[in-house]
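Residue numbers (our numbering): 3 to 379.
Even glycine gets a Cβ: it sits at the ideal position worked out from N, Cα and C.
Notes follow the structure.
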Amino acid sequence: MAISRRKASFEIRPAVCAAGENYMICIPTDGDMLMSVFVDGEEYTYDNCGVKVSTCYVQKFVIPMSALNSAKKYTVVYERIKREAYCSEKEPPVKKDFSFYPIEKEDGINIYHLSDVHGRRVSGIKAGKYFDENLDILILNGDISSSSQTAKETLLPLDMAFEITKGERPCVITRGNHDLRGVFAEKIHEFYPLDNGRFYYTVKLGPVWIMVLDCGEDKNDDNHEYAGTIAFHKYRKKETEFIRSLCDSRDNPIENEEKYKIVVSHIPFSHRNYKPDAVLNEFDIESETYGEWVRLINEKIKPSFGLFGHVHNTVVSIGDGARYNDRNLNCPLVLGGRPLTNDVIGCAITLSGSGADIAFSNSRHKVIGNEHIELNL
Numbered sequence: 003m004a005i006s007r008r009k010a011s012f013e014i015r016p017a018v019c020a021a022g023e024n025y026m027i028c029i030p031t032d033g034d035m036l037m038s039v040f041v042d043g044e045e046y047t048y049d050n051c052g053v054k055v056s057t058c059y060v061q062k063f064v065i066p067m068s069a070l071n072s073a074k075k076y077t078v079v080y081e082r083i084k085r086e087a088y089c090s091e092k093e094p095p096v097k098k099d100f101s102f103y104p105i106e107k108e109d110g111i112n113i114y115h116l117s118d119v120h121g122r123r124v125s126g127i128k129a130g131k132y133f134d135e136n137l138d139i140l141i142l143n144g145d146i147s148s149s150s151q152t153a154k155e156t157l158l159p160l161d162m163a164f165e166i167t168k169g170e171r172p173c174v175i176t177r178g179n180h181d182l183r184g185v186f187a188e189k190i191h192e193f194y195p196l197d198n199g200r201f202y203y204t205v206k207l208g209p210v211w212i213m214v215l216d217c218g219e220d221k222n223d224d225n226h227e228y229a230g231t232i233a234f235h236k237y238r239k240k241e242t243e244f245i246r247s248l249c250d251s252r253d254n255p256i257e258n259e260e261k262y263k264i265v266v267s268h269i270p271f272s273h274r275n276y277k278p279d280a281v282l283n284e285f286d287i288e289s290e291t292y293g294e295w296v297r298l299i300n301e302k303i304k305p306s307f308g309l310f311g312h313v314h315n316t317v318v319s320i321g322d323g324a325r326y327n328d329r330n331l332n333c334p335l336v337l338g339g340r341p342l343t344n345d346v347i348g349c350a351i352t353l354s355g356s357g358a359d360i361a362f363s364n365s366r367h368k369v370i371g372n373e374h375i376e377l378n379l
């Protein structure tokens with residue numbers, strides 16, 4: 003069934019998302035259209051086994067990183083279509099060119115991290131422009147909306163990514179637990195960037211190696227809130243195998259001596275969230291699984307730092323048993339997202355030498371707090 007939501011005018015608004023060894027250029031649509039992305043004369047399409055997709059909310063184009071990094075530009079072409087069994091009707095094509103700025107430096111990397119925006123679109127966009135044209139990587143780390151009840155809410159991360167980067171800088175976009183609630187939660191894979199159909203993967207951007215992990219929901223599958231709609235326990239078990247296989251493979255960042263190694267997850271799995279005086283500790287879940295994640299990461303990955311959201315706080319936590327680290331992930335932890343009544347606080351990170359300068363800033367780019375941390379290198 004066709005998606006009828008065409009507007010009087012349509013703006014091409016791409017987000018260049020990094021996942022695995024590719025960029026996935028995600029472009030929201032507003033009706034039935036065929037679309038292609040051209041990089042250095044090569045056409046990339048969004049298709050299902052050879053059939054181009056024209057009816058969807060987001061067109062997603064997988065581009066090898068090496069190709070886009072080399073070309074430093076891409077062109078998007080779309081044609082509105084009325085699809086028929088034979089001789090479909092099409093409007094004249096429209097195209098737009100975009101520049102792209104890959105990371106080509108080894109030092110002074112600027113990252114802006116936002117999580118838990120919870121629908122504060124304007125504040126989130128303003129906060130995310132902290133580095134302006136000096137931004138190297140944008141990380142939107144879950145719960146950018148408060149649910150996936152509507153298509154508009156589910157599209158908000160891509161909307162904000164375009165407003166902040168204009169399709170010119172690489173993004174990393176993860177799921178949060180609130181993104182898994184609502185009518186469109188079961189279709190979120192059609193909206194978000196993936197690697198081999200997974201929301202967990204690794205990616206390398208210049209000297210920065212990122213492990214993206216996906217905890218799913220923050221309570222057990224049988225919690226009454228979910229009404230039987232989730233099955234994350236088995237999903238996390240598969241993720242454990244992914245981490246284990248990564249640690250044992252040639253892609254292990256220790257063996258390849260990556261300079262900066264960041265673990266990114268919406269939920270800080272290093273934290274049990276156990277409250278001794280609570281009647282019900284429903285957020286203290288998956289002790290065995292998350293404990294194994296921490297063990298493997300400590301022994302084999304040895305990250306420079308961890309970057310998390312979910313707890314609605316902006317703080318740096320260092321040391322075994324420190325705040326949000328009772329499972330003892332052996333690296334500094336940066337909790338980098340806090341929603342306020344009429345604002346948000348995000349996290350600006352500059353990686354230089356063996357350290358990172360952290361600035362927690364709001365939509366007016368006022369620095370609420372800052373710290374310098376020495377990294378595990």
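Could you tell me if residue i is buried or exposed, where buried requires 16 or more neighbouring beta carbons within 10 angstroms of its beta carbon?
i      : result
GLY52  : exposed
ASP138 : buried
VAL39  : buried
ASP145 : buried
ILE370 : exposed
CYS89  : exposed
PRO94  : exposed
ALA280 : exposed
GLU45  : exposed
PRO255 : buried
LYS368 : exposed
SER400 : Here the chain has residues from 3 to 379 only, and residue 400 is not among them.
SER251 : exposed
PRO278 : exposed
Can you tell me whether residue i is helix, strand or coil according to DSSP?
i      : result
ARG238 : helix
ARG85  : coil
ASN300 : helix
ARG183 : coil
SER101 : strand
GLU192 : helix
THR57  : coil
ARG329 : coil
LYS74  : coil
CYS349 : strand
LEU137 : coil
THR176 : strand
ARG2   : Nothing can be reported for residue 2, as the shown portion of the chain is limited to 3 through 379.
VAL119 : coil
VAL336 : strand
TYR80  : strand
THR231 : coil
ILE27  : strand
LYS62  : strand
CYS19  : strand
ILE320 : coil
Answer yes or no: do residue i and residue j have a C-beta to C-beta separation smaller than 8 Å?
i      : j      : result
LYS304 : ASN225 : no
ALA80  : MET35  : Ala is not the amino acid found at residue 80; the sequence shown has Tyr there. Yes. Within cutoff.
SER319 : ILE264 : no
ALA59  : THR31  : Reading off the sequence shown, one finds Tyr at residue 59, where the question assumed Ala. The answer is yes: Cβ separation under 8 Å.
TYR194 : ILE175 : yes
THR156 : SER147 : yes
ASP181 : PHE285 : no
PRO270 : HIS314 : no
HIS268 : ASN179 : yes
SER381 : ALA163 : Because the chain in this structure spans residues 3 to 379, residue 381 falls outside the shown range and cannot be described.
GLY169 : ALA17  : yes
If you draw a straight line from the C-alpha of residue i to the C-alpha of residue j, how long is it?
i      : j      : result
ASP99  : ARG15  : 11 Å
TYR262 : ILE113 : 12 Å
LEU70  : VAL205 : 15 Å
ASP216 : PHE234 : 10 Å
THR316 : VAL266 : 15 Å
GLY348 : ALA87  : 49 Å
ASP49  : SER365 : 38 Å
GLU91  : GLU13  : 21 Å
ILE5   : THR57  : The predicted model places ILE5 with a pLDDT of 45, which falls under 50 and marks its position as unreliable, so this point remains unresolved.
MET3   : LYS54  : Because MET3 carries a pLDDT of 39, less than 50, the predicted location of this residue cannot be relied on, and no value is offered for it.
GLU23  : LEU160 : 20 Å
VAL124 : HIS115 : 16 Å
ILE360 : VAL96  : 42 Å
TYR202 : PRO209 : 20 Å
TRP211 : LEU282 : 38 Å
GLU135 : PHE310 : 24 Å
HIS374 : GLY357 : 7 Å
SER325 : VAL296 : Per the sequence shown, the amino acid found at residue 325 is Arg instead of Ser. Roughly 16 Å separates the two Cα atoms.
ILE127 : GLY321 : 33 Å
TYR228 : LYS62  : 29 Å
SER68  : ALA20  : 12 Å
GLU1   : PRO66  : Since the displayed the chain opens at 3 and closes at 379, residue 1 lies outside it and no answer follows.
Touching by the beta-carbon criterion (3+ pairs, under 8 Å), the stretch 327-334 and the stretch 230-242: no
Touch test, the stretch 63-83 against the stretch 116-131, Cβ-Cβ under 8 Å, three pairs minimum: no
Contact the stretch 283-293 vs the stretch 126-142: 3+ CB pairs below 8 Å: no
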